[in-house]
Structure formats: structure tokens, C-alpha cells
Amino acid sequence: MNPHRRSPLILTATVLVYIFLYAPILGLMLYSFNASRINVTFEGFIPAFSENVVMDGSLVKSSPCGPFHWYCDLSKNDDVLEAAGNTLTIAFTATVIATIIGTMAAIALQRYDFKIKPFSQLSLYIPIVIPEIVMGIGILTLFSQFFGWFNGLLGLTGDARLSMGIVTVTVSHIAFMVPFVTLVVQARLQGFDKAYEEAAMDLGANEWTTFRRVTFPMILPGVLSGALLAFTLSLDDFVITFFTNGPGSTTLPIYVYGLLRRIITPQVNALSTVWILIVLLAVLLLQWLQSRDAKPQADLS
Amino acid sequence: MLKRLRENKSAQGTLLALPTTLWLFVLLIIPLILTLVISFGKRSPDGDVIYTFTLDNYLRLAGYSTNCDNGQAACFDPLYLQILGRSLLLAFNTTAIVIAMAYPLAYFIARADPKRRNTFLFMVLIPLWTNFVIRVYAWMMLLRKEGAINIIIGTVAHWLGINFAPLELLYTPGAVLVGMVYEFLPFMILPIFTSLEKIENPLYEAAADLGASPFKTFLRVTLPLSMPGVVAGTILVFIPVMGTFIVSDILGGRQYILVGNLIQRQFLDARDPAFGSAASLILMVLTLIVTYFYTRKFGFGEEIIAA
Numbered sequence: 000m001n002p003h004r005r006s007p008l009i010l011t012a013t014v015l016v017y018i019f020l021y022a023p024i025l026g027l028m029l030y031s032f033n034a035s036r037i038n039v040t041f042e043g044f045i046p047a048f049s050e051n052v053v054m055d056g057s058l059v060k061s062s063p064c065g066p067f068h069w070y071c072d073l074s075k076n077d078d079v080l081e082a083a084g085n086t087l088t089i090a091f092t093a094t095v096i097a098t099i100i101g102t103m104a105a106i107a108l109q110r111y112d113f114k115i116k117p118f119s120q121l122s123l124y125i126p127i128v129i130p131e132i133v134m135g136i137g138i139l140t141l142f143s144q145f146f147g148w149f150n151g152l153l154g155l156t157g158d159a160r161l162s163m164g165i166v167t168v169t170v171s172h173i174a175f176m177v178p179f180v181t182l183v184v185q186a187r188l189q190g191f192d193k194a195y196e197e198a199a200m201d202l203g204a205n206e207w208t209t210f211r212r213v214t215f216p217m218i219l220p221g222v223l224s225g226a227l228l229a230f231t232l233s234l235d236d237f238v239i240t241f242f243t244n245g246p247g248s249t250t251l252p253i254y255v256y257g258l259l260r261r262i263i264t265p266q267v268n269a270l271s272t273v274w275i276l277i278v279l280l281a282v283l284l285l286q287w288l289q290s291r292d293a294k295p296q297a298d299l300s
Numbered sequence: 000m001l002k003r004l005r006e007n008k009s010a011q012g013t014l015l016a017l018p019t020t021l022w023l024f025v026l027l028i029i030p031l032i033l034t035l036v037i038s039f040g041k042r043s044p045d046g047d048v049i050y051t052f053t054l055d056n057y058l059r060l061a062g063y064s065t066n067c068d069n070g071q072a073a074c075f076d077p078l079y080l081q082i083l084g085r086s087l088l089l090a091f092n093t094t095a096i097v098i099a100m101a102y103p104l105a106y107f108i109a110r111a112d113p114k115r116r117n118t119f120l121f122m123v124l125i126p127l128w129t130n131f132v133i134r135v136y137a138w139m140m141l142l143r144k145e146g147a148i149n150i151i152i153g154t155v156a157h158w159l160g161i162n163f164a165p166l167e168l169l170y171t172p173g174a175v176l177v178g179m180v181y182e183f184l185p186f187m188i189l190p191i192f193t194s195l196e197k198i199e200n201p202l203y204e205a206a207a208d209l210g211a212s213p214f215k216t217f218l219r220v221t222l223p224l225s226m227p228g229v230v231a232g233t234i235l236v237f238i239p240v241m242g243t244f245i246v247s248d249i250l251g252g253r254q255y256i257l258v259g260n261l262i263q264r265q266f267l268d269a270r271d272p273a274f275g276s277a278a279s280l281i282l283m284v285l286t287l288i289v290t291y292f293y294t295r296k297f298g299f300g301e302e303i304i305a306a
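Residue numbers (numbering that gives the first Met the number 0), protein chains in the order written: chain A, 0 to 300; chain B, 0 to 306.
Following this line, the structure appears as C-alpha cells:
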């Protein structure tokens, strides 16, 4: 049997699954150009450019941005901009912290022996085997009980009270991101020989120099892909954010979810389209960077 | 002191692992303990928790009710057991459908020309990078009475000369199933692909040389060797499906309640954190039991990280 033989059955199934994966997203993008404000049926593209927005009932007849009317509309929506800002602030902060402490833990677990090692290793699997909602309500309970106790203790009232917000979201994001960083970096550390580090030490490098000049460059691709994974997990997160956010810390997923329960204009579709394109661009850029980096490394080994 | 630390490898390891371990302890383990404690508590009139020890919340989940029609003091109300059963069934169905859809695709990618493999794989990942909530919204648009699915069926029916009234597809159990399958399909494709990719060509050739038919080769070689991928994928799909509440919230309507919705409402609408905590612990125990038996039978592969 030729292993590369293509069975028509498998080919058909493959094409169908790809259609299943892409049709909803492409439909979503198409409706971002919908002339209908109600956005229930597709009423065609917005046909013309004009100085001001011209409406005919719920149909947009012409707009300064033409077919891109809803994208312009979106850029004037302060709530969206604030949510986007929050999402990025949380994702960046959480990724930096999670990557640093996660990498440290990976090195500890892979290169050292210590008393709490089995416990440290085991706790990494919690976010994988426990449903997110269980973690979400647990963290919500922790914060609300702690804040209640703390505010009562110090007699804080009004705005001085500790409450849910961007800090609680970030801190909780780190908790579910760290294990992924650690596991990815650990896998990378497993893949390379301890002998490189031992050789550096034999040649007189101290531990810090060994780490900086040998270990770190070798695990860097693992650290970067762990950080990217953590970043996308944070951007994408709904459940944990849902239970830990407060006034002023709405993220984009929470914002979109709120809209879905009210009237949905094509603005939501425009937002989704922009989001998808930005993520796609970021990932393509990263792939390109990695493939560029991969070549000189292949020469070394 | 610094010098002693430099010589003490054990202390160095502890220090390096400490931030992560402490973070996970405070934000994952303590909350779990807190949930356990509160699940034995009671609801206070203002929707807070009274710390006490009562099994009421668990009894209520098991069907014990004091809110009876016929004036009895206690009766059996299967409401919550039905919700648990529905969630389990949905998780099983979703996993089974996702395996059936993911396997051929993963097989195709693993057998494809190595140059194109990454592109095919990348095409699986793109929908995954679209936000979870946006993906539910996409299906909401497709399934509506005026949505694309009804338009397509209507057009086909029109050609065939059949009368067709648009179907109400949204807010049905089927809509939730489709939404779940869509959300979690990529999580099955990646681990199955990872394990299929490891099977080397000589194995197939050997099977063929020994006279195995393609079907038999698949059954005796490919399938057993790809099981670690299927197991990892199942864990990545089954557990989140059990706990997700957005899909049922948006595609299933208010009447279609899963465990996730039940828990969420106890914390936000009903304001009964004690009962919500008990439901949450039951959910956790259920998923842990399923995961335990499943992995004990098939092993816990490294494929889980690959995704």
C-alpha cells in the first residue's frame, strides 16, 4: 500500500471539515459590510460615499466610509476602544509575569531536586483537568471573601474599598497561564542535553554565566512559544475574566458577550473581523520570525 | 548566607519554583478549598454565605426537595440530576462527533506532503485564534430563522419545488451541540495529528508486505498508535464542554440549562454561592472521575501539551 495514496473518502471528509471550520467566520465577515442596521438579513453592501451618513429606515444608503461604514462607526465607539485597551494591558502584564515565573519554575523542575518538587509539578496540571468555571467561581469566592474581610477590618468605605478590577483579572490570568508556560519550557529543556551546561561549568563559567550564555539561548524558542501561547490564552479568555472583572475592567470578549444579549448591529461583525485579522497578522509575523531564526540554529546543531 | 545558597542546590530549586507554586497555591488550591467549605454552608438572606455544616446543598442536587406541590414536607425533584445528565450526555456526544470529524482531517494532514503539512495545520489553527465568543456569535447568525442555513435549504427546496417554511434552528439542543463541536474541534485535530505524525512509513510498508489490507492496517497499526492523541484530545474537549456556559447561554436560550449555566446563575442571578459551590464541586468530581478512568485505560500522553 502506498502510504501517500489519497483515499477519496478522506479527501472529501477533509474538505467538508475545512468548510465547516471556515464558513461561519467568512459569513461573519461578510455581514460586517451589511447595509442593514438590524443585521438580520444581508441587504447588500453600502453602495456610496457621501459627506454624511444617509439612512433609509434601517438601511444605510451612503456613508463617508462607503462599504466600510461599520468599521468607521467602530473606531468612534469609546466602549470598544476602552475594552481593547483593557484586553491588551491585561494580556501584556500577565504574559510578562507568567513567562518569567513560569520559566523559573521550569528550570527548577527540570534541573533541580527539592522537597516541594512533586507538589509544584502536580499543581501545574490543575488548570488542564479542572473545568474553567470551577476555577472561576473559586477565585471569585476568594476575592470577594478576602475583600469583604479586609474592607471590614480597615473600615474602608466607598471608593477606598478594595474591589474587583483590572488587577484581579490580571492576577487570575497569570494563574491559568503559568502552567502552560512551564510545561512548554520544560518540554524544551527535556530536549537538550545537560552536557552543554556541564561543559560551560567545566570551562569555568559560573551558574549565572552558564544560564545567560548557554541555557537561556537554547530554551529561548520554548520561552517565546510559551509566552505566545499564554498571550493568546489571555486575549481569548472569557470565563475567568467573567468572574473576576469589575467596573472599568471590561475586556473585549466580555464586551461582545454583553452585546449578544442586546441588539446586534454589523458593528459587532466589524469588530470581530478586525480582531481576526489582527490575530492572524500577529501569528503570521511570528511564524516568519521563527522560520528566519530556525535556519542559523539548524546550522549550529 | 548568599554563599550557602550558592552551594545548596535544593534551596535554589525551591526558590526558583516558589513564585509559580505559591501563585498556583493561592489562586487555584485555596479557592478549591474555599469552594469545598462553602458548599457545606447556607445562603444568607442577602445572598451571602453563612458558614456552617449542612449537606442540604448536596441533597438538593441529588433531588431532595422541600418545595412540594401536594403539601408534603419532602419530595423528589429530578431537576438538578437532569441538568447533570444532560451535561454529561452533551459532553459525550460532542466528544464522539469531534473525534469522527477530526480523525480524517488529522490523518489527511499527517499523510500530506511534508512541505504542505504546516500550511494545512495552520489552517486548523486560524479559527482557533478567533475569539471563543465571536465563534458562538458566528453560529448564532447562521442558525437564525433568516440565517444562511435556512436560506440554503430554502433555495434548494425552491428548486425542487417543495414548500419550505424556515426552521427555528436557534435556541434548540441541536444548536448547542453544533456550537460545542465547532468550538472544540481544533483541540482534537492537533493531538491526533501529533500522534499520527509519529507513525513511520516503514510500519505501513511492513503491514502491507505481510499481506494486511489497507483497512486491516488502519485497524491494527494506525488506530492503536494514534490512541494517545485521541485520549489527549478527549481530555481537551470533554472537560471544557462540561463546564462551558456561553454556548448554551447564547445558542440554547434561557430554558436550556447545563451545569455551567446552573453554577453561573447561583453566583450572579440567584445569589446562592453555597449551592453554586456544591454544584461546582460535583462538576469537578465528575470530570475528574471520567478523566481518571479514561487515562488509566489509555495513558496520559505528551500530546496534550502539543495542542
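A virtual CB, placed ideally from N, CA and C, is assigned to each residue, including glycine.
All of these numbers come straight from a predicted model, not from anything done at the bench.
Bridge partner(s) assigned by DSSP for residue i
{"i": "B/Ile49", "result": "B/Lys41"}
{"i": "B/Ser86", "result": "Answer by DSSP bridge pairing: none, since B/Ser86 is not bridged."}
{"i": "B/Cys74", "result": "B/Ser64"}
{"i": "A/Ala47", "result": "A/Ser61"}
Start-to-end residues for the beta strand (DSSP E) that takes in residue i
{"i": "A/Leu73", "result": "Not the beta strand (DSSP E): A/Leu73 falls in the alpha helix (DSSP H), residues His68 to Ser74."}
{"i": "A/Leu58", "result": "Leu58 to Ser62"}
Test item: CB-CB of residue i and residue j under 8 angstroms
{"i": "B/Ser279", "j": "B/Thr34", "result": "yes"}
{"i": "A/Thr243", "j": "A/Phe179", "result": "no"}
{"i": "A/Ile45", "j": "A/Phe32", "result": "yes"}
{"i": "A/Ile165", "j": "A/Thr272", "result": "no"}
{"i": "A/Val349", "j": "B/Val177", "result": "Nothing can be reported for residue 349 of chain A: it is not among the residues displayed for chain A, which extend from 0 to 300."}
{"i": "A/Tyr30", "j": "A/Asn268", "result": "yes"}
{"i": "B/Ala105", "j": "B/Leu195", "result": "yes"}
{"i": "B/Leu89", "j": "B/Met187", "result": "no"}
{"i": "A/Val177", "j": "B/Thr13", "result": "no"}
{"i": "A/Leu270", "j": "A/Ala90", "result": "no"}
{"i": "B/Leu189", "j": "B/Val236", "result": "no"}
{"i": "A/Asn76", "j": "A/Gln266", "result": "yes"}
{"i": "B/Gly275", "j": "B/Ile262", "result": "yes"}
{"i": "B/Leu250", "j": "B/Leu169", "result": "yes"}
{"i": "A/Ile99", "j": "B/Leu27", "result": "no"}
{"i": "A/Phe146", "j": "A/Ser162", "result": "yes"}
Cα-Cα separation, residue i to residue j
{"i": "B/Gly84", "j": "B/Leu60", "result": "12 angstroms"}
{"i": "A/Thr264", "j": "A/Phe241", "result": "23 angstroms"}
{"i": "A/Gly151", "j": "A/Gly137", "result": "21 angstroms"}
{"i": "B/Glu6", "j": "A/Met200", "result": "14 angstroms"}
{"i": "A/Ser6", "j": "B/Phe214", "result": "12 angstroms"}
{"i": "B/Ala305", "j": "B/Ile191", "result": "Residue placement at B/Ala305 cannot be trusted, given a pLDDT of 49 that sits under 50; the coordinates are not used to answer."}
{"i": "B/Pro137", "j": "A/Arg160", "result": "According to the sequence displayed, residue 137 of chain B carries Ala and not Pro. Rounded to whole angstroms, B/Ala137 to A/Arg160 spans 40 angstroms at the Cα level."}
{"i": "A/Val133", "j": "B/Leu282", "result": "8 angstroms"}
{"i": "A/Asn174", "j": "A/Thr140", "result": "The sequence given here places Ala at residue 174 of chain A; Asn does not occur at that position. Cα to Cα, the separation comes out at about 15 angstroms."}
{"i": "B/Ala101", "j": "B/Ala231", "result": "13 angstroms"}
{"i": "A/Val213", "j": "A/Asp112", "result": "21 angstroms"}
{"i": "B/Ile151", "j": "B/Glu167", "result": "14 angstroms"}
{"i": "B/Tyr291", "j": "A/Asp236", "result": "26 angstroms"}
{"i": "B/Gly252", "j": "A/Ile275", "result": "26 angstroms"}
{"i": "B/Gly146", "j": "B/Gly160", "result": "21 angstroms"}
{"i": "B/Phe121", "j": "A/Met103", "result": "30 angstroms"}
{"i": "B/Thr171", "j": "B/Leu78", "result": "19 angstroms"}
Per-residue burial, residue i [other beta carbons within 10 Å of its own, 16 or more giving buried]
{"i": "A/Ala226", "result": "buried"}
{"i": "A/His68", "result": "buried"}
{"i": "A/Glu131", "result": "buried"}
{"i": "B/Pro272", "result": "buried"}
{"i": "B/Leu209", "result": "exposed"}
{"i": "B/Met241", "result": "buried"}
{"i": "A/Ala97", "result": "buried"}
{"i": "A/Thr11", "result": "exposed"}
{"i": "B/Trp22", "result": "buried"}
{"i": "A/Ile218", "result": "buried"}
{"i": "A/His172", "result": "buried"}
{"i": "A/Thr181", "result": "buried"}
{"i": "A/Ile105", "result": "The sequence shown places Ala at residue 105 of chain A, not Ile. So A/Ala105 ends up on the buried side."}
{"i": "B/Gln265", "result": "buried"}
{"i": "A/Asn51", "result": "exposed"}
Residue range of the unbroken alpha helix (DSSP H) whose run includes residue i
{"i": "A/Asp55", "result": "That residue, A/Asp55, is in no alpha helix (DSSP H); its beta strand (DSSP E) goes Val53 to Asp55."}
{"i": "A/Val183", "result": "Ile165 to Gln189"}
{"i": "B/Val240", "result": "Leu222 to Gly242"}
{"i": "A/Arg36", "result": "No alpha helix (DSSP H) holds A/Arg36; DSSP gives it neither H nor E."}
{"i": "A/Gly151", "result": "Glu131 to Leu153"}
{"i": "B/Phe131", "result": "Phe131 to Leu142"}
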